[in-house]
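S.K.: Following this message is one structure expressed as structure tokens.
There are 2 protein chains.
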Amino acid sequence: MDLQVQFGKRVKELRLAKGLSQEALALKAEVDRTYMTSVENGKRNVAIQNIGKIIAALDISIQDFFTTDIFEGIDE
Amino acid sequence: MDLQVQFGKRVKELRLAKGLSQEALALKAEVDRTYMTSVENGKRNVAIQNIGKIIAALDISIQDFFTTDIFEGIDE
DNA sequence: TCCATATGTGACTCATAGTCCGTTGACTTA
DNA sequence: TAAGTCAACGGACTATGAGTCACATATGGA
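For the protein sequence lines, the chains are B and G, in the order given.
With my numbering as the guide, the letters of the first sequence map in order to residues 63 to 138.
With my numbering as the guide, the letters of the second sequence map in order to residues 63 to 138.
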């Protein structure tokens, strides 16, 4: 599985756990709603600045964000 | 401190620990030599695909890469 | 049925990610 | 004095990510 796909899955997982809509999270992260949609669906090769914004909006540390089975076994 | 700066520091730290030159790591990660320099110096807003390539070239898991004090306290 | 909320998609512009050519300076070894 | 390795930088270039929009779809409630 592609890393950008894994990233999207993780974002969606954490967003749903917080009971937020894509739009609410996008607002908090200061990105466009449709951009957030494509990130969650693994369509975007997100750059690290936006990764930081999104993780911060999820109220989780970088460490905790990446510490999950989703990121086991990167194909690349 | 900026996330892309923290990322660069972490890459450099792990690269030196492995005794690799920037060029050797760049070759392994399949990115440009000059690009690796600017990444380590926090000048690049690296996209997640290249983050994956670089971390893989460092022979470390995503989890372990981000589990370090360097990533404590993101300003964003 | 109508309306609001939530999500997804294709296309677009523009800034920049990333490559490839080279140079320079610091350091090391011969 | 070379001659080599390494890190950093720069200019020019191409590929692609950032950011936005119109529009579509699905759902649930009044």
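For every residue, glycine included, the Cβ atom is placed at its ideal position computed from N, Cα and C.
Examine chain G for any beta-carbon lying closer than 8 Å to the beta-carbon of Gln-84(B), and answer yes or no.
M.R.: In the first sequence, counting from the first residue as 1, residue 84(B) sits at position 22. No, no contact with chain G.
S.K.: Taking Asp-65(G) as the query, report the chain B residues whose CB atoms sit under 7 Å from its CB, ordered along the chain.
M.R.: The count along the second sequence starts at 1 and reaches residue 65(G) at position 3. Checking the sequence shown, residue 65(G) turns out to be Leu, not Asp. Those within 7 Å of Leu-65(G) in chain B are Ile-110, Gln-111, Gly-114.
S.K.: With a cut-off of 8 Å, does the C-beta of Ile-124(B) fall near any C-beta of chain G?
M.R.: Locating residue 124(B) in the first sequence gives position 62, counting from the first residue. With 8 Å as the cut-off, Ile-124(B) counts as an interface residue toward chain G.
S.K.: Does any residue of chain G have a CB that is nearer than 8 Å to the CB of Asn-103(B)?
M.R.: The residue given as residue 103(B) occupies position 41 in the first sequence. No, because no Cβ of chain G sits closer than 8 Å to the Cβ of Asn-103(B).
S.K.: Please go through the segment 75 to 134 of chain G and give each complete beta strand (DSSP E) segment of 3 or more residues, from N-terminal end onward.
M.R.: Runs of the beta strand (DSSP E) inside the segment 75 to 134 of chain G: none found.
S.K.: At a CB-CB cut-off below 7 Å, which residues of chain G make contact with Thr-99(B)?
M.R.: In the first sequence, residue 99(B) corresponds to position 37, counting from 1. Here the premise fails: no neighbours, minimum Cβ distance about 17 Å.
S.K.: Have a look at Asp-94(B) and Lys-105(B) and give me their C-alpha separation to the nearest angstrom.
M.R.: Sequence index remark: in the first sequence, residue 94(B) carries index 32 (1-based). Sequence index remark: in the first sequence, residue 105(B) carries index 43 (1-based). Distance between the alpha carbons of Asp-94(B) and Lys-105(B) is about 14 Å.
S.K.: Use the C-beta contact count for Ala-91(B): other C-beta atoms within 10 angstroms, 16 or more gives buried, fewer gives exposed.
M.R.: One-based indexing of the first sequence puts residue 91(B) at position 29. So Ala-91(B) ends up on the buried side.
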